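Peer 1: So for the sequence shown, full-length UniProt numbering puts the first residue at 1; every next one is plus one.
Glycine included, each C-beta is placed from N, C-alpha and C at the ideal position.
Given the structure is predicted, the values throughout are model-derived calculations rather than measurements.
A single structure is presented below for examination.
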Amino acid sequence: MSQVLQDLGRVEDSIRCLEKALTCNPENWNCAKRAGDLLWQLGHFDSAAKHYESYVKVRKALKQPFVGLDSEETDIVIRMAAYHMKRGEYQVANEYVDMQSDVDNTEKRDILQGIKAELSGKCP
């Protein structure tokens, strides 16, 4: 349903639909990711970050043992690292960067390395 609403240009309604689904099933990581993506695109970074944090928490719980997020999840790691850096939460930003151990995409790998270099002077 949320995809149909999004396709109709009703992004806010799509987000509400996803958030309603999350109240029924807070562990629905797919809805959390999609809500985060839409909120991020609208510039609602605090709300997006809450959904991304839920997404990462559930995804980490599903990994046995947890080694790192899948490479296609690199965008979330980059967004969350940048979000926490902007808030001066360098340790949290560093924890997000550390989640991503293997990135196939050269551009994204370079971005992560740049973030890591910037954090190296700000984190113990």
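What ranges does the alpha helix (DSSP H) occupy inside the region 33-82, keeping only unbroken runs of at least 4 residues that lie completely in it?
Peer 2: Within the region 33-82, the complete alpha helix (DSSP H) runs of at least 4 residues are 45-62.
Peer 1: Go through its chain and collect everything with a Cβ distance to Ala21's Cβ below 7 Å, but skip five positions before and after it.
Peer 2: Here the set comprises Asn28, Cys31.
Peer 1: Nearest-angstrom Cα distance between Glu12 and Trp40?
Peer 2: 12 Å
Peer 1: So, with DSSP's three-state summary, where would you put Met1?
Peer 2: Shown here, Met1 sits in coil according to DSSP, grouped into three states, outside any helix or strand.
Peer 1: Mapping the DSSP letters down to three states, classify Asp110 as helix, strand or coil.
Peer 2: helix
Peer 1: For Lys20, name the three-state secondary structure that DSSP assigns.
Peer 2: helix
Peer 1: Is Asp98 helix, strand or coil when you go by DSSP?
Peer 2: helix
Peer 1: What does the Cβ neighbour count give for Gly88, buried or exposed, with the cut at 16 atoms within 10 Å?
Peer 2: Answer is exposed; the Cβ neighbour count stays below 16.
Peer 1: Would you report the Cα separation of Gly121 and Met80, rounded to the nearest angstrom?
Peer 2: Distance between the alpha carbons of Gly121 and Met80: 19 Å.
Peer 1: Look at the Cβ atom of Arg34, then the Cβ atom of Leu18, and state whether they are nearer than 8 Å.
Peer 2: yes
Peer 1: Lys57 to Glu73, Cα distance in whole Å?
Peer 2: 13 Å
Peer 1: Which same chain residues, not among the five before or five after Gln64, have their C-beta less than 8 Å away from its C-beta?
Peer 2: Summary for Gln64: the model assigns pLDDT 48, below 50, so the residue's position carries little reliability; its value from the coordinates is reported in the next sentence. The beta carbon of Gln64 lies closer than 8 Å to none in the same chain, with the five residues before and after it left out.
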